[in-house]
Amino acid sequence: MKLLQKTNRAYFLISGAAFIIAGVVFFFVISFFFKDQVNEKLHHDIRNITRSIRTNGVLPNFYPFIEIKEVSMQDERSFKAIDTLIFDALEKRKIPYRQLSLVTLINGQAYFIAARDTLPEKDDLMEAIALATGSVFILLLLSLYLINRKLSLKIWKPFYKTLDELKEFSHDKPGFRLTSESELYEFTELNSTLEKLTSKVISDYQALKRFTEDASHEIQTPLAIIQSKLETLMQNPDLKKDQAELINSAYVYTLRISKLTQTLLLLTKIANDQFPEKVIVNLSELLCEKINMFEDLIADKSLNLTKEITPVFFLETNFFLAESLLINLIGNAVKHNVAGGIIMIRLDHNQLEIANSGEKFAIPPSKLFARFYKAEKSSDSPGLGLAIVREICRLNKWEIRYVYEETLHKVVVNF
Amino acid sequence: MKILIVEDERELVGAIKSFLEPEGFLCETAFSYFEAEDSLSSYNYDIIILDLTLPGGDGLDLIKLIRDRNRQAGLLIVSAKNSLDDKIRGLDMGADDYITKPFHLAELNSRIKSLARRRHFDGASELIFNEIKINTDSNEVFVKDCLLDLTKKEYEILLYFIVNRNKVITREAIAEHVWGDNISYTDNYDFIYSHIKNIRRKIELKNGTNYLHNIYGIGYKFSER
Numbered sequence: 156m157k158l159l160q161k162t163n164r165a166y167f168l169i170s171g172a173a174f175i176i177a178g179v180v181f182f183f184v185i186s187f188f189f190k191d192q193v194n195e196k197l198h199h200d201i202r203n204i205t206r207s208i209r210t211n212g213v214l215p216n217f218y219p220f221i222e223i224k225e226v227s228m229q230d231e232r233s234f235k236a237i238d239t240l241i242f243d244a245l246e247k248r249k250i251p252y253r254q255l256s257l258v259t260l261i262n263g264q265a266y267f268i269a270a271r272d273t274l275p276e277k278d279d280l281m282e283a284i285a286l287a288t289g290s291v292f293i294l295l296l297l298s299l300y301l302i303n304r305k306l307s308l309k310i311w312k313p314f315y316k317t318l319d320e321l322k323e324f325s326h327d328k329p330g331f332r333l334t335s336e337s338e339l340y341e342f343t344e345l346n347s348t349l350e351k352l353t354s355k356v357i358s359d360y361q362a363l364k365r366f367t368e369d370a371s372h373e374i375q376t377p378l379a380i381i382q383s384k385l386e387t388l389m390q391n392p393d394l395k396k397d398q399a400e401l402i403n404s405a406y407v408y409t410l411r412i413s414k415l416t417q418t419l420l421l422l423t424k425i426a427n428d429q430f431p432e433k434v435i436v437n438l439s440e441l442l443c444e445k446i447n448m449f450e451d452l453i454a455d456k457s458l459n460l461t462k463e464i465t466p467v468f469f470l471e472t473n474f475f476l477a478e479s480l481l482i483n484l485i486g487n488a489v490k491h492n493v494a495g496g497i498i499m500i501r502l503d504h505n506q507l508e509i510a511n512s513g514e515k516f517a518i519p520p521s522k523l524f525a526r527f528y529k530a531e532k533s534s535d536s537p538g539l540g541l542a543i544v545r546e547i548c549r550l551n552k553w554e555i556r557y558v559y560e561e562t563l564h565k566v567v568v569n570f
Numbered sequence: 468m469k470i471l472i473v474e475d476e477r478e479l480v481g482a483i484k485s486f487l488e489p490e491g492f493l494c495e496t497a498f499s500y501f502e503a504e505d506s507l508s509s510y511n512y513d514i515i516i517l518d519l520t521l522p523g524g525d526g527l528d529l530i531k532l533i534r535d536r537n538r539q540a541g542l543l544i545v546s547a548k549n550s551l552d553d554k555i556r557g558l559d560m561g562a563d564d565y566i567t568k569p570f571h572l573a574e575l576n577s578r579i580k581s582l583a584r585r586r587h588f589d590g591a592s593e594l595i596f597n598e599i600k601i602n603t604d605s606n607e608v609f610v611k612d613c614l615l616d617l618t619k620k621e622y623e624i625l626l627y628f629i630v631n632r633n634k635v636i637t638r639e640a641i642a643e644h645v646w647g648d649n650i651s652y653t654d655n656y657d658f659i660y661s662h663i664k665n666i667r668r669k670i671e672l673k674n675g676t677n678y679l680h681n682i683y684g685i686g687y688k689f690s691e692r
């Protein structure tokens, strides 16, 4: 809900409630005031009638407004005020009257004198009050709404500008600035806080990027030296068998660390979205090319490869990442296969499915894509391949899932 | 052939020199941006190996200097950053090839020789080892002037061996050279052995000598023994 909507709704509810209360109060005040006025008039009327009877002996009768009866019994000499309903022959319905009556002795004769006056009908009064308060209410709301709108648009303009600029914010674009200006303290405060925050995000990101690059450099350089020294040592013609084995073992593990740091760096780069260049890739062609690269490994394990690949499937993505995705998926299918097993690769429009034979994993499939997760404890791969695949899919908003069906591990990517 | 190695890690420079010098390369070294600037403005080199991360400056800036003064030189850039940006920018600015640290010395040697061949410094695109002759233009191998029928991969392996003759080559280096990075998906290099067996058989079929020797526990060596 927008702020303006929210405040308008609050105004509406609160002023609505206030107007209803005001209407009720009006009703009672007006009724009371009216009755008071009528009472006063009726008192006056009775006094006049009494005087007129006393002096002139005339008994004016003007039903229902004035009613005079000679009565025999005299109870007490007091005024009695009541509200009553009297049938009106013209309107053919009962109409509310205020009645003030008095039984009094005039010239030795007891009279019952009643003076009456119409009272406003409750319905009419309520209607009138509702109409009055209602129209004031609507007028008020309308003006509040207009003022709000005009004012809000003006006041909130810098805010919306800031919001739009923030939407354009990207952590890898240095020099981000908010340009909106406002004389309001809250907004200038907001802008300066946001600027501090964004510049911190940018500098942190730059530092992180530099750190991963530097760390990788700092690790790769000593590894390069170790590797080159070992390769130089291998050139020695006088090496004994056991020495050669030791050197080779050190060499193999050096290569593994170096591969591992490269892979971790790649993961970080994908996570940081450092592969922005996108091109149109014919995935079918790329897939066939990558399968061919693995043909020796496939033949070596006597794997049975079946391909169902649509001739063209174009996709806009980063070329390097698309390559990386395919290499990781095919590589996994080859590596985690059994001798003489099956590899099935299927690509139709929007869906890539790679399946390979293998034992069912004891662990839940959801863990399969986690970093450093290995299905087989003894495996000497670091377990980063599927983590890379997942990151690439996340970055491209592709859907990936894993299923185990009929002794086949299946990874399905929906583009 | 004169090579300038621009690299700040002295230990690595030592290893590179000791690998390349027996190949007949004359290696000079520069350990910083300024030393490199000095050497490049005073002498001409056939091949320059340039590490991009240098004390005193960015290696990319040196590329312009190299291209201004040494138009003919083969330029191989080395970076530990493995960053695509560096690679693309380096190649755009006039580098001929790119290699990422850490690398196999045999791979470096093979890249340098390929650069040298491409620039025809030796005036020939032929590699000769006794009775074996490789024409790198037509990708043909002859044993005693008989054309050898090799697959693409066998050809690449044999070329790698002949370029790195008399060197012990690890299985990993061969695998990475021929199959690329995908090879990290295997822990079994038997498939290389089958290619090597085929090469041996094909050479021997043409009455050539088997120069491909197994080095126990490590890999292979192409030599007269």
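Heads up: the sequence lines are chains F and Z, in that order. 156 is the number of the first residue of the first sequence in the numbering used here; add one for each residue after it. 468 is the number of the first residue of the second sequence in the numbering used here; add one for each residue after it. Every residue, glycine too, gets a C-beta built ideally from N, C-alpha and C.
Which same chain residues, not among the five before or five after L378 of chain F, have their C-beta less than 8 Å away from its C-beta?
-> Cβ neighbours of L378 of chain F beyond the five flanking positions: T409, I412, S413, T416.
Buried or exposed: T367 of chain F, going by 16 or more other Cβ atoms within 10 Å of its Cβ?
-> The residue is buried, with at least 16 neighbouring Cβ atoms inside 10 Å.
Do you know whose CA, among Z:K469, Z:R556, Z:K568, lies nearest E373 of chain F's CA?
-> The option with the nearest alpha carbon to E373 of chain F is Z:K568.
For chain F, find out if any of its Cβ atoms is closer than 8 Å to the Cβ of N602 of chain Z; answer yes or no.
-> When Cβ-Cβ separations below 8 Å define contact, N602 of chain Z makes no contact with chain F.
In whole angstroms, what separates the C-alpha of V407 of chain F from that of E344 of chain F?
-> The straight-line gap from Cα to Cα measures roughly 58 Å.
Would you mind reading off the limits of the alpha helix (DSSP H) that contains T387 of chain F?
-> From DSSP, the alpha helix (DSSP H) with T387 of chain F extends over 340-389.
What does DSSP give as the partner residues of I555 of chain Z in its beta bridges?
-> I555 of chain Z is bridged by DSSP to nothing; it lacks a bridge partner.
Take the Cβ of M156 of chain F as the centre, count every other Cβ of all protein chains shown within 10 Å, and call the residue buried at 16 or more, exposed below.
-> Around the CB of M156 of chain F, fewer than 16 other CB atoms lie within 10 Å, so the residue is classed as exposed.
Could you please tell me which residues of the segment 483-500 of chain Z, in chain order, have their CB closer than 8 Å to any CB of chain F?
-> Along the segment 483-500 of chain Z, going in chain order, the ones with a CB nearer than 8 Å to a CB of chain F are I483, S485, F486.
Could you round the C-beta distance between I515 of chain Z and L471 of chain Z to whole angstroms and report it? I think they count as a contact, below 8 Å.
-> Contact holds; Cβ gap of about 5 Å.
Looking at the C-beta of L321 of chain F, does it have a partner C-beta in chain Z at a distance below 8 Å?
-> Taking 8 Å as the CB threshold, L321 of chain F stays off the interface with chain Z.
Quick one: using the 10 Å Cβ neighbour count with 16 as the cut-off for buried, is E554 of chain F buried or exposed?
-> Looking at its Cβ environment, which holds fewer than 16 other Cβ atoms inside 10 Å, E554 of chain F is exposed.
Indicate, with yes or no, if the ligand GTP has a heavy atom lying under 7 Å from the CB of S337 of chain F.
-> The ligand GTP is not part of the structure shown, which contains no ligands of any sort.
Confirm, please, whether the CB-CB distance from P215 of chain F to R271 of chain F is below 8 Å.
-> In terms of Cβ geometry, R271 of chain F and P215 of chain F do not form a close pair [threshold 8 Å].
Would you say T637 of chain Z faces chain F, with C-beta separation under 8 Å as the test?
-> The Cβ of T637 of chain Z sits closer than 8 Å to at least one Cβ of chain F.
Local conformation of M448 of chain F per DSSP, three classes = Note: M448 of chain F maps to helix in three-state DSSP.
Which residues of chain F have a Cβ atom closer than 9 Å to the Cβ of E623 of chain Z, listed in chain order?
-> For E623 of chain Z, there are no C-beta contacts with chain F under 9 Å, since the nearest C-beta of that chain is about 12 Å from it.
What three-state label does DSSP hand N681 of chain Z in the structure shown?
-> It is a strand residue.
Go ahead and label V434 of chain F buried or exposed: buried means 16 or more other beta carbons lie within 10 angstroms of its beta carbon, across all protein chains shown.
-> Under this definition V434 of chain F is an exposed residue.
What number of angstroms, rounded off, separates the C-alpha of N466 of chain F from the C-alpha of D503 of chain F?
-> With the sequence shown as reference, residue 466 of chain F is identified as Pro, and Asn is not the correct amino acid for it. Roughly 9 Å between the two C-alpha positions.
On the three-pair Cβ rule with 8 Å, is the segment 635-650 of chain Z touching the segment 671-687 of chain Z?
-> Cβ pair count under 8 Å is three or more, so yes.
Residues that F609 of chain Z bridges to, as DSSP identifies them = Beta-bridge pairing links F609 of chain Z to Z:K600, Z:L614.
Under 8 Å by Cβ, that's how I've got S499 of chain Z and G523 of chain Z pegged, so tell me the actual separation to the nearest angstrom.
-> Indeed, because the Cβ distance is near 5 Å, the residues count as touching under 8 Å.
Taking C-alpha atoms, which residue in F:N492, F:Y340, F:G540 lies nearest to S479 of chain F?
-> Minimum Cα distance to S479 of chain F is reached at F:G540.
Start-to-end residues for the beta strand (DSSP E) that takes in R271 of chain F | DSSP places R271 of chain F in the uninterrupted beta strand (DSSP E) bounded by 264-273.
Please say whether N346 of chain F and T317 of chain F have beta carbons closer to each other than 8 Å?
-> For T317 of chain F and N346 of chain F, yes; Cβs fall inside 8 Å.
Applying the criterion that 16 or more other CB atoms from any shown protein chain within 10 Å of the CB defines a buried residue, is Q361 of chain F buried or exposed?
-> Q361 of chain F is exposed by the Cβ-count criterion.
Where does P519 of chain F sit, in a helix, a strand or coil, going by DSSP?
-> Residue state, collapsed to three classes: coil.
In chain order, what residues of the same chain lie with their CB nearer than 6 Å to the CB of E474 of chain Z, ignoring the 5 residues before and after it?
-> Beyond the five residues adjoining it in sequence on each side, E474 of chain Z comes within less than 6 Å, by CB distance, of V480, D518 in the same chain, given in chain order.
Can you tell which of Z:D564, Z:K673, Z:H571, Z:L542 has its C-alpha closest to the C-alpha of D616 of chain Z?
-> Checking every option, the nearest Cα to that of D616 of chain Z belongs to Z:K673.
Could you give the residue range of the alpha helix (DSSP H) that holds K316 of chain F?
-> For K316 of chain F, the uninterrupted alpha helix (DSSP H) run begins and ends at 277-322, by DSSP.
When the cut-off is 8 Å and only beta carbons count, does T472 of chain F lie next to chain Z?
-> Not one beta carbon of chain Z lies nearer than 8 Å to the beta carbon of T472 of chain F.
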